[in-house]
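**Q** This note's numbering numbers the first residue of the sequence shown as 22 and each following residue consecutively.
Even glycine gets a Cβ: it sits at the ideal position worked out from N, Cα and C.
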Amino acid sequence: MKKTFVTKAQLDEITRQYPTPFHIYDEKGIRENARKLKQAFAWNPGFKEYFAVKATPNPFILTILKEEGCGVDCSSYTELMLSEALDYSGHDIMFSSNDTPPEDFIKAKQMNAIINLDDFTHIDFLEKTAGIPETICCRYNPGGIFETANGIMDNPGDAKYGFTKQQMIDGFKLLMKKGAKTFGIHSFLASNTVSNEYYPVLAGILFELAAELREKTGADIKFINLSGGIGVPYRPEEEANDILAIGEGVRKAYEEILV
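1. In three-state DSSP terms, what is Ile264?
2. Is Pro221 buried or exposed, if buried means 16 or more other CB atoms sit within 10 Å of its CB?
3. Since Ile144 is in the alpha helix (DSSP H), which residue starts that stretch and which ends it?
4. Rounded to the nearest angstrom, what separates Ile226 and Tyr275 at their Cα positions?
5. Quick one: give me the first and last residue of the alpha helix (DSSP H) that Val222 is part of.
6. Let me know the secondary structure DSSP gives Thr112 once reduced to three states.
7. Drop a sphere of 10 angstroms on the beta-carbon of Lys49, count the other beta-carbons inside from all chains shown, and report buried for 16 or more, exposed for fewer.
8. Distance check for Leu32 and Met115, CA to CA, integer angstroms please.
9. Shortest alpha-carbon distance to Asp191 belongs to which of Tyr182, Ala211 and Tyr161?
10. So which of Val253, Pro254 and Glu233 has the shortest CA-CA distance to Leu279?
11. Determine, using beta carbons only, whether Glu236 comes closer than 8 Å to chain B.
12. Give the secondary structure of Asp47 by DSSP, where H, G and I count as helix, E and B as strand, and everything else as coil.
13. Cutting at 7 Å between CB atoms, please list the residues of its own chain near Arg52, excluding the five before and the five after it.
14. Bridge partners of Thr214, per DSSP?
15. So, with DSSP's three-state summary, where would you put Gly270?
16. By the three-class DSSP mapping on this structure, what secondary structure does Glu183 have?
17. By the DSSP assignment, the beta strand (DSSP E) with Ile82 in it spans what residues?
18. To which residues of the same chain is Ile251 closer than 6 Å at the C-beta, ignoring the five residues directly before and after it?
19. Take Ala240 as the anchor and find which of Gly205, Lys69, Leu210 and Ala30 has the nearest alpha-carbon.
20. Which partner residues of Leu138 appear in the DSSP bridge assignment?
21. For Gly67 and Pro42, what's the separation of their Cα atoms in angstroms?
22. Can you give the beta carbon distance from Ser104 to Asp125, rounded, assuming they're within the 8 Å contact cut?
23. Do you know offhand how far Lys186's Cα is from Tyr109's?
24. When DSSP builds the beta bridges, which residues end up paired with Tyr39?
25. Taking the alpha-carbon of Asp47 as reference, which of Phe62, Thr25, Leu58 and Thr142 has the nearest alpha-carbon?
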C-alpha cells in the first residue's frame, strides 16, 4: 500500500490553520525526484531536465526546480513571463507551442529561449515575426502507430503536431539557409506512460533520425529532447516507473546507435 507524505493528524492540524480548499506540495519529494532523474542520466554530461510550466505554473515549485538545476518548457507568453520573473533565461528555457501568436515567438527570441517549431509552416512565420535564431529545435512526428513490446501506446499518425521525416529533412535544409547553425530534435508520442519501455524506444527512434538528418543535411545536431510523459501510478496497485532503468535503457540505445 502506498504511503502519503502527510499523516491524517498533520492534515487535521493544517486545516485548523488554513482555510480549504488548498494544494499541498511535497518539497522533499519534488527535490528527491529531480535528483533521481539527474542521477538516471548522469552518464550524459549534457543532460538537462526541462519542467513543463503548464503542468504546475506555481512560482514556488519552479524556484525549487531551478535550485535543483532544471530548466523550463514554456508554451505561452504568460509562461515565458513567469519564467523570466524567476530568473530563468537563455537556453534554460525551451519554448514549445502550437498555433503560436507572433508576440510569443518575439518574446521567446528576445529571451534567447530555444524555440521548438511544431510545424513546417512555422519556419517562414518565425522568420517574418522574430527572425530565425542560430539554435533551433523541430518536433518530429513519425506517423503510424507507436508501440513497444507491451503493445500499442498511442497513435501519433492521428496527431496534427510535428514534422514528417521528409519535412524534417527539408526543414533543416531551409533553416540552415536562413541562418540556423545548431539543431535539436523533439518528439512527444505518448503521455502518462507507466512503463519503463517508452523512453528507450522513443530515444532509439530519435537517435536514428538524428543520424539520418546529419547524413542528408549536414546539420549540426546538438541535442535530443525526449519530452514529457513519465506516468503517475494513480491506483494503489500500480507501480511507479523505475527512472534509473529508463535512464539505463536510453544509454544503451545511445551507445548502440550513435557511438
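**A** In brief:
1. Helix.
2. By the 10 Å Cβ count, Pro221 comes out buried.
3. Unbroken alpha helix (DSSP H) run through Ile144: His143 to Thr150.
4. Spanning the two alpha carbons is a distance of roughly 10 Å.
5. Note, Val222: alpha helix (DSSP H), Tyr219 to Thr238.
6. Note on identity: in this sequence residue 112 is His, with Thr being the wrong assignment. DSSP places His112 in helix when its eight states are reduced to three.
7. Of the residues assessed, Lys49 falls on the exposed side of the cut-off, its CB having fewer than 16 other CB atoms within 10 angstroms.
8. A straight-line Cα-Cα distance of about 37 Å links Met115 and Leu32.
9. Selected option, being the one with the closest Cα: Tyr161.
10. With distances taken between Cα atoms, Leu279 lies closest to Glu233.
11. In the displayed structure, chain B is absent; only one protein chain is listed.
12. In this structure, Asp47 counts as coil in the three-state DSSP scheme.
13. Once the five neighbours on either side are set aside, the close Cβ partners of Arg52 are Ile85 and Glu89.
14. As DSSP reads the structure, Thr214 sits in a beta bridge with Ile251.
15. Note: Gly270 maps to helix in three-state DSSP.
16. The question names Glu, yet the displayed sequence has Gly at residue 183. If DSSP states are grouped into helix, strand and coil, Gly183 belongs with coil.
17. Going by DSSP, Ile82 is part of no beta strand (DSSP E) but of the alpha helix (DSSP H) stretching over Pro80 to Glu88.
18. Annotation for Ile251: Asn262 place their beta carbon closer than 6 Å to its own, counting only its chain and skipping 5 residues before and after.
19. Among Gly205, Lys69, Leu210 and Ala30, the Cα nearest to that of Ala240 belongs to Gly205.
20. Answer is Cys159, bridged to Leu138.
21. So the alpha carbons of these two residues sit roughly 41 Å apart.
22. With 8 Å as the limit, Ser104 and Asp125 do not qualify as a contact, their Cβ atoms being about 13 Å apart.
23. Looking at the two C-alpha atoms, the distance is approximately 32 Å.
24. In the DSSP output, where bridge partners are listed per residue, Tyr39 has none listed.
25. With distances taken between Cα atoms, Asp47 lies closest to Thr25.
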